[in-house]
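**Q**
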Amino acid sequence: LDVEKNHSVVSEFFLLGLTSSWEIQIFLFLFFTVFYVASMLGNILIMLTIISDHHLHSLMYFLLANLSFIDTGVSSIATPKMIYDLFRKHKVISLKGCIAQMFFIHTVGGTEMVLLIVMACDRYIAICKPLHYLNIMSLRMCISFVATAWTIGLIHSVAQLAFVVNLPFCGPNKMESFYCDFPRFIKLVCTDTYRLEFLVAANSGLISTGTFFILIVSYVFILVTVRKHSSGGSSKALSTLTAHITVVVFFFGPCIICYVWPFPTLPIDKFLAIFSVIITPFMNPVIYTFRNKDMKVAMERLFLRALSIRQNSFSPSPRNSDSS
1 LDVEKNHSVV
11 SEFFLLGLTS
21 SWEIQIFLFL
31 FFTVFYVASM
41 LGNILIMLTI
51 ISDHHLHSLM
61 YFLLANLSFI
71 DTGVSSIATP
81 KMIYDLFRKH
91 KVISLKGCIA
101 QMFFIHTVGG
111 TEMVLLIVMA
121 CDRYIAICKP
131 LHYLNIMSLR
141 MCISFVATAW
151 TIGLIHSVAQ
161 LAFVVNLPFC
171 GPNKMESFYC
181 DFPRFIKLVC
191 TDTYRLEFLV
201 AANSGLISTG
211 TFFILIVSYV
221 FILVTVRKHS
231 SGGSSKALST
241 LTAHITVVVF
251 FFGPCIICYV
261 WPFPTLPIDK
271 FLAIFSVIIT
281 PFMNPVIYTF
291 RNKDMKVAME
301 RLFLRALSIR
311 QNSFSPSPRN
321 SDSS
């Protein structure tokens, strides 16, 4: 009976946000809105370009389109509510809404981790074993990799929710954050949270750290292989790998600190979380695709095609011209 009573006491949480200063809130509103809109437009443009242009129907761009799709999810889970809450005195989220937010954040986050490993494998095979690339990285294999990434992301998220979905909340309901996540969520539980904190660190923390080191080691191995060559293609590959490593650091740095950091109540993780939910989804289109010559040409073709369709729709038909 006490547990049922505890469950019924807290049905919503108050998010304390990033700051209470009006001037800083205005700056954050402009900053978040610009980055969110740019991120969404950039990632949607990448997906439309890859889908509509047959020149980009290759395995590398298939993976990039999936990364852009995931990034639209990463941006949209917490950012719109965060922007909406900036000028609200009471930033409230329901218990069910908080659990749903954590579920989707960790599903797409876990999926992106695996997808980045797949993209690293794709670059390794393309650079180190180019003659066997099409045989190894077939379309069926890529689809299997993407399906596996989503499956692992889902399992990762459900595994953590299984430990927290029925936790008792009977007192504090103020969360020192702008969105729901497991470290802050667990701090509000009535019971002892040491085991839960350890499980979160073991699940999210070790997975983030392990995946980060796997990616760094794989990219270092590829860079060593590239340095043995001196052709123009190798310098292009070096530039591509440097961009990939930049994205990996932007994505995993905040994740590792937020989940492995020994003092999760410090405000530093709130600002690091901004990189995960806003900056990284914006940086991925810039680093991965907008620097790509083939992508730029494909986007120009897409714009010209859209402009041509628009002009044709506004031009008078021959019948109307004859009658006039």
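Okay, so the sequence shown: first residue is 1 according to full-length UniProt numbering, each after it adds one.
Just so you know, even glycine gets a beta-carbon here, dropped at the ideal spot from N, CA and C.
How would you write the range of the alpha helix (DSSP H) that residue 68 sits in, first residue to last?
**A** Taken as a continuous stretch (DSSP letters only), the alpha helix (DSSP H) holding residue 68 covers 59-85.
**Q** Locate the beta strand (DSSP E) running through residue 169, then write down its first and last residues.
**A** That residue, residue 169, is in no beta strand (DSSP E); it is neither H nor E in DSSP.
**Q** So is residue 184 buried or exposed if we call it buried at 16+ other beta carbons inside 10 Å?
**A** With 16 or more other Cβ atoms within 10 Å, it is buried.
**Q** Leaving aside the five residues before and after residue 57 along the sequence, list all residues of the same chain whose C-beta is less than 7 Å from its C-beta, in chain order.
**A** Closer than 7 Å at Cβ, skipping near neighbours: no residue.
**Q** Count the other C-beta atoms from every protein chain shown that fall within 10 angstroms of the C-beta of residue 252, then say buried if there are 16 or more, exposed otherwise.
**A** Label assigned to residue 252: buried.
**Q** In this structure, does DSSP put residue 137 in helix, strand or coil?
**A** Three-state DSSP puts residue 137 in coil, outside helix and strand.
**Q** With C-beta atoms as the reference, is residue 92 less than 8 Å away from residue 12?
**A** Yes. Within cutoff.
**Q** Assign residue 7 to one of three DSSP states: helix, strand, or coil.
**A** Any reading at residue 7 is ruled out, since the residue's pLDDT is 47, under 50, leaving its predicted position unreliable.
**Q** By DSSP, does residue 12 sit in helix, in strand, or in coil?
**A** Strand.
**Q** At least one CB of chain C closer than 8 Å to the CB of residue 186: is that the case?
**A** Included in the structure is just one protein chain, with no chain C present.
**Q** Can you tell me whether residue 169 is buried or exposed? The criterion is at least 16 other CB atoms within 10 Å of its CB, across all chains shown.
**A** Burial call: buried.
**Q** Buried or exposed for residue 196, going by 16 or more other Cβ atoms inside 10 Å?
**A** Counting Cβ neighbours within 10 Å, residue 196 comes out buried, since at least 16 surround it.
**Q** Do you know offhand how far residue 14's Cα is from residue 211's?
**A** Near 33 Å, if we compare the C-alpha coordinates of residue 211 and residue 14.
**Q** Can you tell me the Cβ-Cβ gap for residue 43 and residue 281, rounded? I've got them flagged as a contact below 8 Å.
**A** Residue 43 to residue 281, Cβ: 7 Å. Contact.
**Q** Tell me whether the stretch 26-36 and the stretch 49-63 touch, counting them as touching only if at least three CB pairs, one residue from each stretch, are closer than 8 Å.
**A** Short answer: they don't touch.
**Q** Output needed for residue 49: all residues of its chain with C-beta closer than 6 Å, excluding positions within five of it in sequence on either side, in chain order.
**A** Around residue 49: 298, 299, 302.
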